[in-house]
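Working notes for the structure below.
Chains as they are written, first to last, in this note's numbering: chain A, 1 to 295; chain B, 1001 to 1357.
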């Protein structure tokens, strides 16, 4: 057993895992405020990346300006989606809401590709591809940057949930009716959570776009993001970060053991297995709230 | 049209539990059935085989999913994987030399066994978590399919379906394929129509509404959930096998991917949960409309002399497909079946509806 190699796998796995967290935070934000499983997060991430590219390439803005502008655009898009689509289905059975977000995902993907075409584009953030060596361990720079962004967002949201608006969101997450009765605008709060999730989608889109190119494959992050969100507990942002690290390490180290046995491609199998096991053993995840159901 | 409820009074339980309580409905169904029988002589064979046939088989498949999602209330995002199990086992059986009649049943039963595995997830969790588990199971199945050459004929390869032969007749003509699909769809429809009025159907509905409450009433929700999954998987398996035998002719893993699972669920939900006629509408809408809209856009752009990028055209059907799901859900969350029901109920008592108010 080569311990250095194993450590390297684990560290890179953890960094990749934090990038999954980056994606999963968007899911958690929406679930927390409205108990809606947002299966359109993959589509949103893709739109986020394409909007950044459209502003940078087609309009010709520098990246440092294109990204904040894309954040503003996506903030509006998130609000809009909640206003137009989700609000009208509030209180409906989960199967319809699930289908609505799936439909949104397909629509966003189809529209994005119809407008900008399906060829893979590169993000060109300007992060160097030179390997970074910490002792004997090789670390990818862009993964390090992405992990930094994920942790930064996590801290930002932790602080945000201590502000007045943040506390309102927490109240909404806790109890719709009670929030209404003390004068909190639940609709605005849920809309805000969608807007924030869309902003997170921009961050995820930019980082993942830099790593694997901006194309349709960005929306395939959904399964991994969902696994992370469920493992961490669907309504816990801290859970998303911790679970991201766990999944990343398990996936990277596990794939190294399993790939030679099954002839490659075992990553998706590991992710699916983690999702199934989590739901079977501990459906509310590591840090999620345990719901009690009344008959 | 003209007060069709006139003179209809159900005086005993037998007449009240008929499949068609209103003669007008029965006549309409009989009329549609006759059109279906006559279709090969009316419809050009291109339309028959590229639109009618997939529409009928997908409707049968969607009805199977409707059984588990609409009646028993269990979310299922791995339906395509179950169809794949049926398709592959039937085709392997047929290639091995088993007559097609038995191969189809083998396909259905294998799918039933594997599909029941999904039910074990349903025993532990429900709602969103069940959807996620079945989604993960779909990924596992996909992975197994693409990574076991013994089943799929190798990664990126496809499996040729042997010539379909039923009751000693080789079926090779378009008309023959159509009648096979039509027959299967009618069978499934009759089964589902009867399900509504039997104890099994009522038990499933009780489990859907609240499984704890159903258990208190003496309905064994454990048993009925597994039964629902097994039955719907049987329908899925045979539909998958027929789809390959009469439409694709080649079985490939991509035909049963996650996207297909989502598509069948979309058909069921857009059609309306628990609505049989709705499933027909839903399948027609999801399967046919995106292509039609695309054709329309091509014609329009030709007329107006605009040049539309080929790549844009390739992705428009997908955007339309997503938009259709969203729009229908926003207009009527209970689906097209409910819309049809509203219109039917209105016309049923027209022009005397003012008395109901």
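Beta carbons: idealized from backbone N, C-alpha and C, even for Gly.
Per-residue burial, residue i [other beta carbons within 10 Å of its own, 16 or more giving buried]
i, result
"residue 1350(B)", "exposed"
"residue 1107(B)", "buried"
"residue 3(A)", "exposed"
"residue 1208(B)", "buried"
"residue 283(A)", "buried"
"residue 64(A)", "exposed"
"residue 1357(B)", "Only weak support exists for where residue 1357(B) lies, its pLDDT of 48 falling under 50; the coordinates are left without a value."
"residue 109(A)", "buried"
"residue 1076(B)", "buried"
"residue 41(A)", "buried"
"residue 107(A)", "buried"
"residue 62(A)", "exposed"
"residue 1343(B)", "exposed"
"residue 1034(B)", "exposed"
"residue 1254(B)", "exposed"
"residue 1149(B)", "exposed"
"residue 19(A)", "buried"
"residue 1307(B)", "exposed"
Residue i - DSSP class collapsed to helix/strand/coil
i, result
"residue 287(A)", "coil"
"residue 151(A)", "helix"
"residue 1170(B)", "strand"
"residue 1077(B)", "coil"
"residue 1160(B)", "strand"
"residue 1241(B)", "helix"
"residue 275(A)", "helix"
"residue 1357(B)", "Only weak support is given to the placement of residue 1357(B): the predicted model assigns it a pLDDT of 48, under 50, and the value that follows is read from those uncertain coordinates. Coil at residue 1357(B), not helix or strand."
"residue 1125(B)", "coil"
"residue 1033(B)", "helix"
"residue 1098(B)", "coil"
"residue 139(A)", "strand"
"residue 88(A)", "helix"
"residue 1217(B)", "coil"
"residue 1234(B)", "helix"
For residue j and residue i, believed in contact at Cβ under 8 Å, the rounded distance
i, j, result
"residue 1122(B)", "residue 1264(B)", "That pair is no contact at about 17 Å."
"residue 1257(B)", "residue 1080(B)", "6 Å"
"residue 1145(B)", "residue 1084(B)", "6 Å"
"residue 1229(B)", "residue 1045(B)", "37 Å between Cβ atoms; not a contact."
"residue 1065(B)", "residue 1268(B)", "5 Å"
"residue 81(A)", "residue 194(A)", "6 Å"
"residue 210(A)", "residue 125(A)", "5 Å"
Option in the options with minimal Cα separation from residue i
i, options, result
"residue 1323(B)", "1296(B), 1266(B), 1279(B)", "1266(B)"
"residue 304(A)", "220(A), 172(A), 167(A)", "Since the displayed chain A opens at 1 and closes at 295, residue 304(A) lies outside it and no answer follows."
"residue 1248(B)", "1012(B), 1087(B), 1040(B)", "1087(B)"
"residue 44(A)", "66(A), 60(A), 70(A)", "70(A)"
"residue 95(A)", "1129(B), 1161(B), 1287(B), 1105(B)", "1129(B)"
"residue 146(A)", "164(A), 200(A), 191(A), 86(A)", "200(A)"
"residue 75(A)", "231(A), 92(A), 197(A), 220(A)", "197(A)"
"residue 87(A)", "170(A), 24(A), 30(A), 6(A)", "30(A)"
"residue 1273(B)", "1235(B), 1223(B), 1336(B), 1227(B)", "1336(B)"
"residue 1073(B)", "1126(B), 1054(B), 1093(B)", "1126(B)"
"residue 56(A)", "290(A), 21(A), 136(A), 122(A)", "122(A)"
Amino acids of chain A, ordered along the chain, whose beta-carbon sits closer than 7 Å to that of residue i
i, result
"residue 1219(B)", "Under the 7 Å cutoff, chain A gives no residues; its nearest Cβ is about 14 Å from residue 1219(B)."
"residue 1125(B)", "279, 283"
"residue 1330(B)", "85, 88"
"residue 977(B)", "The requested residue 977(B) does not occur in the structure, where chain B is confined to residues 1001 to 1357."
Contacts of residue i in chain B (Cβ-Cβ under 8 Å)
i, result
"residue 92(A)", "1333"
"residue 260(A)", "Neighbours of residue 260(A) on chain B: none; closest Cβ ~14 Å, over 8 Å."
"residue 131(A)", "Those do not exist, as residue 131(A) stays about 31 Å from chain B at its closest Cβ, beyond 8 Å."
Chain-ordered chain A contacts of residue i [CB-CB under 9 Å]
i, result
"residue 1151(B)", "Here the premise fails: no neighbours, minimum Cβ distance about 14 Å."
"residue 1075(B)", "94, 95, 98"
"residue 1266(B)", "99, 102, 103, 106"
Amino acids of chain B, ordered along the chain, whose beta-carbon sits closer than 9 Å to that of residue i
i, result
"residue 109(A)", "1315, 1318, 1319, 1322"
"residue 189(A)", "Here the premise fails: no neighbours, minimum Cβ distance about 21 Å."
Chain-ordered neighbours of residue i on chain A, where CB pairs are closer than 8 Å
i, result
"residue 1312(B)", "114, 115, 117"
"residue 1137(B)", "272, 276"
"residue 1326(B)", "85, 100, 103, 104, 107"
"residue 1069(B)", "95"
"residue 1133(B)", "275, 276, 279, 280"
"residue 1269(B)", "95, 96, 99"
Contacts of residue i in chain B (Cβ-Cβ under 7 Å)
i, result
"residue 268(A)", "1139, 1143"
"residue 37(A)", "1128"
Residue i: CB within 7 Å of a non-hydrogen atom of the ligand GTP
i, result
"residue 1074(B)", "The model depicted lacks the ligand GTP and carries no ligand whatsoever."
Quiz item: At a Cβ cut of 7 Å, what residues of the segment 221 to 249 of chain A count as close to chain E, listed as they run along the chain?
Solution: The displayed structure is made up of protein chains A and B, and chain E is not among them.
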